[in-house]
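Asker: Take this structure, written in structure tokens, and hold onto it; I'll ask about it next.
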Amino acid sequence: MQWEDRIGRRVKLQDMHILLATVQCGSMGKAANHLAISQPVVSRSIAGLEHALGVRLLDRTRSGVEPTIYGRALLNHGLAAFNELKQGVKAIEFLSDPTAGELRIGSTEPMAAGMLGAVIDRLSRKYPRLSFHTTLGSPPAIRDNDLRQRSIDLMISRLPTIVPAEDTDVEVLYQDRSFVVAGVGNPWTRRRKIALAELINEPWTHPLPETLAGARVADAFRAHGLEVPQAIVTTGSLQLQNTLLATGRFLTILPATMLHFSAKRLSLKILPVKLAIPPWPVGITTLKDRMLNPVAQLFIACAREISKPLAKSK
3 MQWEDRIGRR VKLQDMHILL ATVQCGSMGK AANHLAISQP VVSRSIAGLE HALGVRLLDR
63 TRSGVEPTIY GRALLNHGLA AFNELKQGVK AIEFLSDPTA GELRIGSTEP MAAGMLGAVI
123 DRLSRKYPRL SFHTTLGSPP AIRDNDLRQR SIDLMISRLP TIVPAEDTDV EVLYQDRSFV
183 VAGVGNPWTR RRKIALAELI NEPWTHPLPE TLAGARVADA FRAHGLEVPQ AIVTTGSLQL
243 QNTLLATGRF LTILPATMLH FSAKRLSLKI LPVKLAIPPW PVGITTLKDR MLNPVAQLFI
303 ACAREISKPL AKSK
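Count along the sequence shown from 1, add 2, and you get the number used in our numbering.
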């Protein structure tokens with residue numbers, strides 16, 4: 003029996019639904035009433051199934067009908083198909099409901115410690131059934147691997163490059179500035195004006211030089227005609243940097259993306275040092291021609307709203 007010729011084109015979901023209702027109701031008349039259709043429609047539907055399959059599906063008696071061994075076998079598997087279909091419909095409803103969906107986000111540690119945390123906090127308070135999965139790393143790696151392999155829905159971060167890749171759509175939210183930062187107990191926090199050159203011999207902690215953050219630190223010093231000071235600690239861990247800053251001894255350079263939301267919580271203070279480097283754009287990156295689910299659209303709208311103060315700051 004060829005599926006395409008005998009089954010795929012002739013067995014309809016509606017016919018299976020009618021057969022199931024007939025067996026459950028025990029008669030064609032009762033099934034017709036239950037389904038709000040005429041009894042001849044029920045009879046023709048089941049006869050069509052039997053003809054397509056080449057077997058009798060129901061034993062008809064004066065008191066009603068009952069499935070044959072073939073009818074029972076078809077219904078056993080048909081029920082599984084109906085259950086799978088129901089789950090598929092529920093999945094579509096889940097995806098279509100922005101208040102109960104899932105979002106996979108790529109980002110960076112500074113963004114996670116600042117703006118990303120603020121967006122997730124606001125959304126999760128308003129929509130408790132939302133769930134978020136975050137992947138942290140460097141923007142180029144997240145774009146080239148996670149985003150292009152579709153293991154994340156979107157990326158929110160400093161943009162990997164000023165010019166977006168051809169296969170991505172980018173929405174710039176604001177221009178991210180960088181600041182020299184110390185713990186609130188550091189003596190330099192009592193100064194009103196500081197030249198970067200004055201801080202060369204202080205204890206520094208730098209991000210890894212091969213990262214975007216590390217490159218920005220190097221640019222900051224070179225823009226002032228200075229060599230990058232030797233760091234006591236070079237690390238890819240933002241948590242370690244914050245721990246060192248809290249001692250009141252160390253200095254580092256951090257983005258406004260993090261400081262606007264977390265400086266007070268982490269007991270950090272921006273030092274009055276003017277850095278002669280331009281700000282870097284922060285935005286949301288998605289793949290072109292990829293439909294965003296409703297949760298992603300909700301996330302983007304919230305990110306726009308929360309980033310307004312940063313977009314206005316100079």
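Note that CB positions come from ideal geometry on N, CA and C, so glycine has one too.
With respect to the alpha helix (DSSP H) encompassing Phe301, which residues constitute its N-terminal and C-terminal limits?
Answerer: Taking the first residue of the sequence shown as 1, we reach residue 301 at position 299. Note, Phe301: alpha helix (DSSP H), Pro296 to Ile308.
Asker: Per DSSP, Ser239 is paired with what?
Answerer: Along the sequence shown, one-based indexing puts residue 239 at 237. Answer is none; Ser239 lacks a bridge partner.
Asker: Using a Cβ-Cβ cut-off of 7 Å (strictly less than) and excluding sequence neighbours within five positions of Ser126, which residues of its own chain qualify?
Answerer: Sequence index remark: in the sequence shown, residue 126 carries index 124 (1-based). The residues are Leu132.
Asker: For the candidate residues Ile48, Ile20 and Ala75, whose alpha-carbon lies nearest to that of Asn35?
Answerer: For the purposes of this step, residue 35 is taken as the residue at position 33 of the sequence shown. With distances taken between Cα atoms, Asn35 lies closest to Ile20.
Asker: With burial defined as no fewer than 16 other Cβ atoms inside 10 Å of the residue's Cβ, what is the status of Met3: buried or exposed?
Answerer: Start at 1 with the first residue of the sequence shown, and residue 3 comes out as number 1. Residue placement at Met3 cannot be trusted, given a pLDDT of 46 that sits under 50; what the coordinates show is reported in the next sentence. Exposed, because fewer than 16 other Cβ atoms sit within 10 Å of the Cβ of Met3.
Asker: Taking the straight line between their C-alpha atoms, what separation do you get for Trp5 and Phe84?
Answerer: As a working note, residue 5 is residue 3 in the sequence shown. As a working note, residue 84 is residue 82 in the sequence shown. Its pLDDT being 48, under 50, Trp5 is placed unreliably in this model, and the value from its coordinates should be taken loosely. Going by the C-alpha atoms only, they are around 19 Å apart.
Asker: Count the C-beta pairs between the stretch 189-202 and the stretch 288-299 that are closer than 8 Å, then say yes if the count reaches three, no if not.
Answerer: No, because fewer than three Cβ pairs between the stretch 189-202 and the stretch 288-299 fall closer than 8 Å, the two stretches do not touch.
Asker: Run the CB neighbour count on Gln241, radius 10 Å, all protein chains shown included, and call it buried at 16 or more, exposed below.
Answerer: As a working note, residue 241 is residue 239 in the sequence shown. Flag for Gln241 reads exposed.
Asker: What is the rounded straight-line gap between the Cα of Arg58 and the Cα of Leu37?
Answerer: Locating residue 58 in the sequence shown gives position 56, counting from the first residue. Locating residue 37 in the sequence shown gives position 35, counting from the first residue. Each residue's alpha carbon lies about 22 Å from the other.
Asker: Determine the extent of the beta strand (DSSP E) in which Val67 is found, giving its start and end residues.
Answerer: Residue numbering aside, residue 67 sits at position 65 when the sequence shown is read from its first letter. Run containing Val67: Gly66 to Pro69, per the beta strand (DSSP E) assignment.
Asker: Whole alpha helix (DSSP H) runs in the stretch 20-94 with 4 or more residues, listed along the chain?
Answerer: With a minimum length of 4 residues, the continuous alpha helix (DSSP H) runs that stay inside the stretch 20-94 are 30-37 and 41-55.
Asker: Counting C-beta neighbours from all protein chains within 10 Å, is the total for Ser65 16 or more, i.e. buried, or is it exposed?
Answerer: Within the sequence shown, the letter at position 63 stands for residue 65. When all chains shown are included, Ser65 counts as exposed.
Asker: I'd like to check one pair, Asp221 with Ile272: are the Cβ atoms closer than 9 Å?
Answerer: On the sequence shown, residue 272 is found 270 positions in, with the first residue counted as 1. On the sequence shown, residue 221 is found 219 positions in, with the first residue counted as 1. Result no, Cβ atoms of Ile272 and Asp221 do not sit closer than 9 Å.
Asker: What would DSSP say about Met18, mapped onto helix, strand or coil?
Answerer: Residue 18 sits at position 16 when you count from the first residue of the sequence shown. The answer is helix: DSSP assigns Met18 an H, G or I state.
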